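Participant: This is the structure I have questions about; it appears just below.
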Amino acid sequence: MTRVKICGIRDEIQALAAVEAGADFIGMVFAPSQRQVSPAKAREIASAVKESGHPDYIGTEVVGVFVNMPASEVNEIADYCALDWVQLSGDESWEYCRGVDKPIIKAVRVGQQSPRELHNVLSAGTKLLGKQNFITLLDTHVEGKYGGTGEGFDWNLAQQLAKKFPIIVAGGLSPENVAQLIEKVKPWGVDVSSGVETGGVKDPAKIRAFIAAVRKADEKRQAIT
Numbered sequence: 030m031t032r033v034k035i036c037g038i039r040d041e042i043q044a045l046a047a048v049e050a051g052a053d054f055i056g057m058v059f060a061p062s063q064r065q066v067s068p069a070k071a072r073e074i075a076s077a078v079k080e081s082g083h084p085d086y087i088g089t090e091v092v093g094v095f096v097n098m099p100a101s102e103v104n105e106i107a108d109y110c111a112l113d114w115v116q117l118s119g120d121e122s123w124e125y126c127r128g129v130d131k132p133i134i135k136a137v138r139v140g141q142q143s144p145r146e147l148h149n150v151l152s153a154g155t156k157l158l159g160k161q162n163f164i165t166l167l168d169t170h171v172e173g174k175y176g177g178t179g180e181g182f183d184w185n186l187a188q189q190l191a192k193k194f195p196i197i198v199a200g201g202l203s204p205e206n207v208a209q210l211i212e213k214v215k216p217w218g219v220d221v222s223s224g225v226e227t228g229g230v231k232d233p234a235k236i237r238a239f240i241a242a243v244r245k246a247d248e249k250r251q252a253i254t
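Residue numbers (this note's numbering): 30 to 254.
Written out as structure tokens, the structure is:
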């Protein structure tokens, strides 16, 4: 089953809408951006999700997104907010990741790298961190930005990497194209933010449509295999 992460959650209503739609992960952004939340707000959101009593909460995990923040601060916020995962979307090295206590989603921005260069980057992370406590997220490289751009990259690169590594694909995904991505790449997971928004705000109908498209694509894959 393809895991689904709904990122850029800013309040309890958005979070519970994602949970009820069947999201595997909800992501909250601590880095400066239009979707940034404070640690205090993130703690309220995480608490609301985990105390909701909604049957679909089982299995939904809370992710905090950080960019180039000292590892000690990341760990402090992660504990304060009761995060399940930490996503590092900046220029953090694999060595830096060893100082983070929570399981890690490490973003790798895809630009002009060759398939071999990307393979080497992911191999280095796997060798240093092991496969049990981290996963790689591939997102589009946009100069001066760290995710949330709504722009896609060459899925052929993701397809090659997904054959050897568990990866999450982000960048330009929407309810309209996510099934095509899953059919081609067969990733471990998919990540969406702007693709399920209307006017810059999370749209429950689009969240439901996105997750429904993922599940339908999964059913199609299972029927073929």
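Glycine is no exception: its CB is placed at the ideal position from the N, C-alpha and C atoms.
The model shown is predicted, which means the values in this text are computed figures rather than measured ones.
#1: So, is Pro99 buried or exposed, given that buried needs 16 or more other C-beta atoms within 10 angstroms?
#2: Please report whether the beta-carbon of Leu202 lies at a distance below 8 Å from any beta-carbon of chain B.
#3: Using a Cβ-Cβ cut-off of 6 Å (strictly less than) and excluding sequence neighbours within five positions of Ala280, which residues of its own chain qualify?
#4: Please list, in chain order, all residues of the same chain as Gly154 whose beta carbon is under 6 Å from its beta carbon, the five residues on each side excluded.
#5: Could you tell me which whole beta strand (DSSP E) segments of length 3 or greater appear in the segment 49-129?
#6: Report yes or no: do three or more beta-carbon pairs, one from the segment 69-82 and one from the segment 99-113, lie closer than 8 Å?
#7: Using DSSP with H/G/I as helix, E/B as strand and the rest coil, what is Leu157?
#8: So, helix, strand or coil for Gly218, using DSSP?
#9: So the beta strand (DSSP E) Leu166 belongs to, where does it begin and stop?
#10: So, Leu147 versus Leu202, is the Cβ gap smaller than 8 Å?
#11: For Lys215, collect the residues of the same chain with a Cβ closer than 6 Å to its Cβ; drop the 5 residues on either side in sequence, then sort them by chain order.
#12: Give the DSSP bridge partners of Lys34, in chain order.
#13: Using 8 Å as the threshold, is the C-beta distance between Ile55 and Val94 below it?
Facilitator: Per the coordinate set shown:
#1: Locating residue 99 in the sequence shown gives position 70, counting from the first residue. Exposed, by the Cβ-count rule.
#2: Considering every chain present, this structure includes no chain B. It has just one protein chain.
#3: What is shown of the chain runs 30 to 254, which leaves residue 280 out entirely.
#4: Mapped onto the sequence shown, residue 154 falls at position 125. Once the five neighbours on either side are set aside, the close Cβ partners of Gly154 are Trp123.
#5: 54-58, 90-95 and 114-117
#6: yes
#7: Along the sequence shown, one-based indexing puts residue 157 at 128. Here Leu157 sits in helix by DSSP.
#8: One-based indexing of the sequence shown puts residue 218 at position 189. Looking at Gly218 - three-state DSSP - the assignment turns out to be strand.
#9: By 1-based counting over the sequence shown, the position of residue 166 is 137. Note, Leu166: beta strand (DSSP E), Phe163 to Thr169.
#10: Translated into positions along the sequence shown, residue 147 becomes position 118. Translated into positions along the sequence shown, residue 202 becomes position 173. For Leu147 and Leu202, no; Cβs fall outside 8 Å.
#11: Looking up residue 215 in the sequence shown gives position 186. Once the five neighbours on either side are set aside, the close Cβ partners of Lys215 are Ala191.
#12: Translated into the one-based positions of the sequence shown, residue 34 becomes position 5. In the DSSP output, where bridge partners are listed per residue, Lys34 has Phe54 and Asp220.
#13: By 1-based counting over the sequence shown, the position of residue 55 is 26. By 1-based counting over the sequence shown, the position of residue 94 is 65. No.
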